[in-house]
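Take a look at the structure below.
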Amino acid sequence: MDIFDKVELQDCPICGGAGLLEEENGNSFYVACMDCGSRSVNIDYKEEAKREDAAQRAADLWNTGKVISSHPGE
Ligand SMILES: [Zn+2]
Numbered sequence: 001m002d003i004f005d006k007v008e009l010q011d012c013p014i015c016g017g018a019g020l021l022e023e024e025n026g027n028s029f030y031v032a033c034m035d036c037g038s039r040s041v042n043i044d045y046k047e048e049a050k051r052e053d054a055a056q057r058a059a060d061l062w063n064t065g066k067v068i069s070s071h072p073g074e
């Protein structure tokens, strides 16, 4: 099963929009909101065997509300 289908994402903790798992440069994952641009930090992985772990950790951060808001003043 593809990792992008496997990882379950809650709605955005900031605005309730849809979260999207993204892979960056083939070595890290993060989750970003399509509506407000909030995102989790990048979780790096160094080897293929850790790829799924990294995706799951990024999802866990997102699902527990540990995200960076793109609008810190609001
Ligand atoms: Zn949002």
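Read left to right, the sequence shown gives residues 1 to 74 (UniProt numbering). For each residue, glycine too, the CB sits at the ideal point set by N, CA and C. Source: prediction; values computed, not measured.
Neighbourhood of residue 55 by C-beta, 7 Å cutoff - its chain only, sequence neighbours within 5 removed: 3, 7, 21 and 29, listed in sequence order.
Proximity test, residue 17 beta-carbon vs ligand 1 heavy atom, cut-off 8 Å: Correct: residue 17 has its Cβ closer than 8 Å to ligand 1.
CB contact flag (residue 31, residue 19, <9 Å): Closer than 9 Å, so yes.
For residue 14, three-class secondary structure by DSSP: Three-state DSSP puts residue 14 in coil, outside helix and strand.
Delimiting residues of the beta strand (DSSP E) encompassing residue 59: Looking at the DSSP string, residue 59 is not in any beta strand (DSSP E); the run it does join, the alpha helix (DSSP H), is 51-63.
Nonlocal neighbours in the same chain, by C-beta distance under 8 Å from residue 36, ignoring five residues either side: Within the same chain, 12, 14, 15, 17, 69, 70 and 71 come within 8 Å of residue 36 by CB-CB distance, once the 5 residues on both sides are set aside.
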